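*Asks:*
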Amino acid sequence: MTLLADEPTGNLDAANGEAVMELLRELNRNGATICMVTHDHRYAEHAGRTVNLFDGRVVNEPSQ
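Numbered per this note's numbering, the sequence shown spans residues 1417 to 1480.
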């Protein structure tokens, strides 16, 4: 399963944002691939891999 999440915590308070992140972590632990877009560095730190964009272009992507 693959889940695309565009700003899943965007309009949530901190407690509910963390609850959503825990649900995403649980899905990922159970084998789902999560592709999440966020502007919030706190939530980006949960990712195993990040790709940063600027003006629509990749500005850094870690080696695989």
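From the three backbone atoms N, C-alpha and C, an ideal C-beta is built for every residue, glycine too. As the structure is a prediction and not an experimental result, all values here were calculated from the model.
1. Cα separation between residue 1423 and residue 1434?
2. Where does residue 1425 land, buried or exposed, given buried means 16+ other C-beta within 10 angstroms?
3. Measure the alpha-carbon distance for residue 1464 versus residue 1421 and round it to whole angstroms.
4. May I ask you to report which of helix, strand or coil DSSP gives residue 1427?
5. Grab me the residues of residue 1468's own chain with a C-beta within less than 8 Å of its C-beta, minus the 5 sequence neighbours each way, in chain order.
*Replies:* According to the structure data:
1. 13 Å
2. buried
3. 15 Å
4. coil
5. 1474, 1475, 1476, 1477
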